[in-house]
Structure formats: structure tokens, C-alpha cells
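Data first, discussion second: the structure below is written as C-alpha cells.
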Amino acid sequence: FARLIIDGDDYGVNVFIVQIRDLETHRPMKGIEVGEIGPKLGFSTKDNGYLAFKNFRAPRECILSRYINVSELGEISIQGNPKIAYGTMMFIRVTLLKLSTEASFYGLFIT
Numbered sequence: 022f023a024r025l026i027i028d029g030d031d032y033g034v035n036v037f038i039v040q041i042r043d044l045e046t047h048r049p050m051k052g053i054e055v056g057e058i059g060p061k062l063g064f065s066t067k068d069n070g071y072l073a074f075k076n077f078r079a080p081r082e083c084i085l086s087r088y089i090n091v092s093e094l095g096e097i098s099i100q101g102n103p104k105i106a107y108g109t110m111m112f113i114r115v116t117l118l119k120l121s122t123e124a125s126f127y128g129l130f131i132t
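So this is what it looks like as C-alpha cells:
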């Protein structure tokens, strides 16, 4: 996920699939930082790391364009209602609130 900014106009957070490493040298692409977190207590069998994007410019072909398209000229076309994207987010928030409320009932219930 990253913010789509074209000619200074911010089109919000969109989904991208990008190439992380060079196919020949296997080094990170320009603007991408890859690192290892190191050992974690209780998770020594897991190999965890991080991925940071710093001033990374993704080609327009990398955007997953279900609701937004970018032409070769940099023109934006938006399909559908942008509010639909917030439906899932609101569902997740309500579900988290419900689950946390249920968990607090178990903690407060005295038998």
C-alpha cells in the first residue's frame, strides 16, 4: 500500500505490486531498503525482516487498478464509488470493537 501522488495531486492510498530486487544482482532496487530484525525471544525459528520504501517511484504498471487507472499521459480515471473502499475498513473496525468488548466481559465477569 502506498499513496498515489501524480503531479502533486494526492489520490490517496492504493495497492501496488513492485519488484523489490534486481534480477541480475539480487540487490534491492533504488529507494528500497531491506533488513533483518534479528532474533526475537520465543520466535527463534522465524526469520523476520523489514522492508522500507524511501522516495521510491513505482511504474504505473505496478498499481492494482480495480478502481483507478493511470494512462500513459498521467491522466487518472476512477471507476465506481470511492466510498466502497471504506466499507471493508469500517467492517474491520466494528468487528475489532465487538471482539474487544466481548473480551472485556470475560475479564470483568465474576463467578
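Numbering of the sequence shown is given in our numbering, commencing with residue 22 and proceeding in unit increments. The C-beta atom is built at its ideal place from N, Cα and C for all residues, glycine as well.
- Query: With a CB to CB cut of under 7 Å and the five nearest residues on each side skipped, what residues in its chain are close to residue 71?
  - Reply: What you label residue 71 is simply residue 50 of the sequence shown in a count that begins at 1. So the qualifying residues of the chain are 56 and 58.
- Task: For residue 76, I'd like the list of residues in its chain whose CB is within less than 7 Å of its CB, leaving aside the five on either flank, ordered along the chain.
- Result: Walking along the sequence shown from the start, residue 76 turns up at place 55. Taken in chain order, the residues that qualify are 52.
- Query: Are the beta-carbon atoms belonging to residue 32 and residue 131 less than 8 Å from one another?
  - Reply: Taking the sequence shown and counting its residues from 1, one reaches residue 32 at position 11. Taking the sequence shown and counting its residues from 1, one reaches residue 131 at position 110. Contact: no.
- Message: Taking DSSP's pairing of strands, which residues face residue 56 in a bridge?
- Response: For the purposes of this step, residue 56 is identified with residue 35 of the sequence shown, where counting begins at 1. DSSP lists 71 as partners of residue 56.
- Query: Quick one: Cα of residue 69 to Cα of residue 102, how far?
  - Reply: Working through the sequence shown from its first residue, we reach residue 69 at position 48. Working through the sequence shown from its first residue, we reach residue 102 at position 81. Taking the straight line joining both Cα atoms gives about 38 Å.
- Message: Which residue marks the beginning of the beta strand (DSSP E) containing residue 65, and which one marks its end?
- Response: In the sequence shown, counting from the first residue as 1, residue 65 sits at position 44. Unbroken run through residue 65: none, as it is neither H nor E.
- Item | Enclosing beta strand (DSSP E) for residue 31 [first to last residue] | Looking up residue 31 in the sequence shown gives position 10. Run containing residue 31: 30-35, per the beta strand (DSSP E) assignment.
- Query: Nearest CA to the CA of residue 83: which residue from 128, 23, 39 and 30?
  - Reply: Start at 1 with the first residue of the sequence shown, and residue 83 comes out as number 62. Taking only the C-alpha atoms, the option nearest residue 83 is 39.
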